[in-house]
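Below: one structure, written as structure tokens.
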Ligand code: NAD
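Residue numbers (the working numbering): 99 to 588.
Here you go:
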């Protein structure tokens, strides 16, 4: 049965590599019909700030699968990234990027490298929630949710199970970001228990990245947050020797989008010399996703044989490992001629029919939140001591526990750290005290009466009896346990 998918030809080399890819799919008798949409540069020029006209959205929503060539996002001027917009609107929470070496035909220092990066695609610092609220400081909000983290972690284990992978490595920076990355790591350990046959481990992202760069053969499936995933997936692709060869999948609960990892390559656009392999590999992942595994196997093996025969585009052509320098169309023709053949040295692939990964709809219990204080951020050119004195004069209804600057406690027990004009004032209740929203409003009212420019507040909670905010550098934990001891434990 013919399935309909959405196709975007993109900008720069996009149309050339998409034509080559579709020619190969056609020659392999792939039963797909295409709805072509115009998104990208033209739509940006027509005034659509995310590069997507309304009629394209209709098609994007209608068909569950999209094959997309790279798009040029204009710099600055209020334009939004088309990729981020599509990922968010269609809920494409998982970015999957396999990186496999093709030595000796494409150079890589690690012939046995074969890893898959599974990157969270919607949250973290990519929510783009950023502010400037004082002259000297800008801030970004890092958003990590339980449902978002559970979905990507479970997806990584399901992926490993589906494709017979042995190990899942989680990478975070939870030694520093104990709340956000700490949550991700904790959920990873919990979910790993549901997959006892798959080995699991955690690495701090710095040493984890070093492993991707220098010991990738020790890794198998890697699951990580959005920003780290973005960075290590490019490292992994380059280390495999193949930025121009890799495809990636963006998977959601209802939709999926497949694309090459490279951009529009404006320097070679229109010359007919671009390598279509990245997009072709994305298309192969798409065929597997659609259950067209025989076609995926046929095309993937023909592509491996083409690479093995030394028929290379300029980006991977090297005299000692290549035999024939070809352009985009010739490369596609060479793949078509090899449909039905298998590689001899490189490992041939055989995709089995699988059902797409389905994630359970988790049910979340309400939590018991107890307000124990509030952080008030105040913008002012002053010193910590002067600010503390002014705050005390306002007679705050919750005691001022400390003032921090750039995360470092500077009052009491002042340090020599450089202080900006944005002060982080932490008010924490006494063990006997009960505070609520009204107490916070009274506090703010009294600060306003002292002409203190508060620009942001954050509530301090204990959730289910545990501290649910990070301590400031230099802050003493014991005081908080004293507070906690007085609290009802659920
Ligand atoms: P790029 O990936 O387009 O190019 C980097 C280098 O790699 C260039 O020298 C280019 O010639 C080469 N290259 C890339 N793909 C190739 C291919 N298939 N065959 C041969 N050589 C290839 O990166 P860039 O120059 O940083 O970005 C150019 C534009 O692409 C920017 O406007 C950027 O916003 C956009 N971009 C889009 C996507 C996407 O749509 N998913 C991803 C990345 C960049």
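Glycine included, every Cβ here is placed at the ideal spot set by N, Cα and C.
The structure displayed is predicted, hence computed values, not measured ones.
Any beta carbon of chain B sitting closer than 8 Å to that of residue i?
i           : result
residue 214 : Included in the structure is just one protein chain, with no chain B present.
Looking at residue j and residue i, is the spacing between their C-beta atoms short of 8 Å?
i           : j           : result
residue 350 : residue 188 : yes
residue 324 : residue 190 : no
residue 423 : residue 412 : yes
residue 204 : residue 343 : yes
residue 62  : residue 548 : Nothing can be reported for residue 62: it is not among the residues displayed for the chain, which extend from 99 to 588.
residue 608 : residue 405 : Given that the chain is displayed from residue 99 to residue 588, the structure contains no residue 608 and the question cannot be resolved.
residue 230 : residue 519 : no
residue 467 : residue 496 : no
residue 447 : residue 399 : yes
residue 354 : residue 213 : no
residue 534 : residue 457 : no
residue 133 : residue 163 : no
residue 248 : residue 285 : yes
residue 552 : residue 558 : no
residue 460 : residue 245 : yes
residue 331 : residue 215 : yes
residue 118 : residue 429 : yes
residue 345 : residue 379 : yes
residue 154 : residue 136 : yes
residue 138 : residue 165 : no
residue 121 : residue 434 : yes
residue 142 : residue 172 : yes
residue 318 : residue 369 : no
Taking the C-alpha atoms as reference points, what is the distance between residue i and residue j?
i           : j           : result
residue 587 : residue 362 : Note that residue 587 scores a pLDDT of 46, beneath 50, so its modelled location is shaky; the value from the coordinates is reported in the next line. Rounded to whole angstroms, residue 587 to residue 362 spans 56 Å at the Cα level.
residue 109 : residue 185 : 19 Å
residue 499 : residue 573 : 9 Å
residue 326 : residue 508 : 31 Å
residue 291 : residue 250 : 15 Å
residue 303 : residue 201 : 27 Å
residue 206 : residue 315 : 12 Å
residue 101 : residue 387 : 12 Å
residue 123 : residue 156 : 25 Å
residue 240 : residue 280 : 13 Å
residue 393 : residue 450 : 11 Å
residue 583 : residue 471 : Here residue 583 scores only 49 on pLDDT, less than 50, and its place in the model is too uncertain to base an answer on.
residue 211 : residue 198 : 6 Å
residue 562 : residue 183 : 36 Å
residue 262 : residue 270 : 24 Å
residue 431 : residue 297 : 42 Å
residue 196 : residue 403 : 19 Å
residue 464 : residue 541 : 28 Å
residue 390 : residue 384 : 9 Å
residue 268 : residue 336 : 21 Å
residue 357 : residue 515 : 47 Å
residue 366 : residue 111 : 7 Å
residue 511 : residue 152 : 58 Å
residue 115 : residue 282 : 37 Å
residue 575 : residue 176 : 44 Å
residue 571 : residue 309 : 30 Å
residue 320 : residue 532 : 45 Å
residue 566 : residue 275 : 12 Å
residue 505 : residue 130 : 55 Å
residue 99  : residue 260 : 25 Å
residue 140 : residue 149 : 8 Å
residue 253 : residue 289 : 10 Å
residue 192 : residue 554 : 32 Å
Considering only the alpha carbon of each residue, which of the options lies closest to residue i?
i           : options               : result
residue 475 : 420, 556, 543 and 549 : 556
residue 382 : 395, 239, 520 and 372 : 395
residue 477 : 316, 236, 144 and 241 : 236
residue 170 : 107, 208, 561 and 440 : 107
residue 452 : 230, 492, 399 and 258 : 258
residue 371 : 329, 426 and 364      : 426
residue 462 : 182, 211, 243 and 139 : 243
residue 522 : 540, 568, 493 and 537 : 568
residue 232 : 510, 488, 503 and 306 : 503
residue 306 : 287, 294 and 329      : 329
residue 159 : 137, 505, 397 and 352 : 352
residue 287 : 273, 266, 193 and 275 : 266
residue 219 : 368, 273, 322 and 308 : 322
residue 550 : 489, 564 and 530      : 489
residue 536 : 513, 564, 494 and 554 : 494
For residue i, is the beta carbon positioned less than 7 Å from some heavy atom of the ligand HEM?
i           : result
residue 382 : Within the structure as shown, the ligand HEM is missing, the only ligands being the ligand NAD.
Problem set entry | By C-beta, the residues closer than 5 Å to any heavy atom of the ligand NAD, given in chain order | 168, 169, 170, 171, 342, 360, 361, 362, 363, 365, 366, 372, 373 and 413
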